[in-house]
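What follows is one structure encoded as structure tokens, with my remarks underneath.
In the working numbering, the protein residues as written are 88 to 234.
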């Protein structure tokens, strides 16, 4: 789809389907999605078999939406959220790092420095692709909004 000029913001947008919170009539719905990719920087390879839990952050706390495990490439076999599942709001992805490193044969202290790594982020456009990569080692991690 070609970029769309938004009269409201006077800027070029990738997703023309929203204007003032309403879907514009006659335009196809954009397929937004949430994905992740985990790389074990201490071993120089994808973090295969890491458990991931996705939560929605509501006023009452966090609500579990999905539980999955990374594949051999360090990715999930399907998006964490896609299409109508993806909505504007605040989310958390909890990466079960301690269990992953122990199962990979890494000797960790008890308790581990990084047992669970929670990444909290917001989704402002349900038609966009949100990619949350995690670069991790037993004692540090980094994340960013990927593409």
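Note that CB positions come from ideal geometry on N, CA and C, so glycine has one too.
- Fewer than three beta-carbon pairs drawn from the stretch 188-197 and the stretch 140-156 are found closer than 8 Å, and the two stretches are therefore not classed as touching.
- Residue state for residue 232 is assigned as coil, using DSSP reduced to three classes.
- With a threshold of 16 other beta carbon atoms within 10 Å, residue 127 meets it and is buried.
- In terms of Cα proximity to residue 162, the closest of 231, 232, 179, 221 is 221.
- With a beta-carbon spacing of about 38 Å, residue 214 and residue 199 fall beyond the 8 Å limit used to define contacts.
- Judged by beta-carbon spacing, residue 123 lies within the 8 Å limit of residue 180, meaning their Cβ atoms are closer than that value.
- Within the same chain, 118, 119, 120, 121 come within 8 Å of residue 169 by CB-CB distance, once the 5 residues on both sides are set aside.
- Residue 182 holds the alpha-carbon nearest to the alpha-carbon of residue 156 among 182, 148, 172, 132.
- Its chain contains 144, 209 as the residues whose beta carbon lies nearer than 6 Å to that of residue 177, once the 5 sequence neighbours on both sides are disregarded; these appear in chain order.
- Secondary-structure assignment with DSSP links residue 120 through a beta bridge to 169, 216.
- Beyond the five residues adjoining it in sequence on each side, residue 140 comes within less than 7 Å, by CB distance, of 151, 154, 181 in the same chain, given in chain order.
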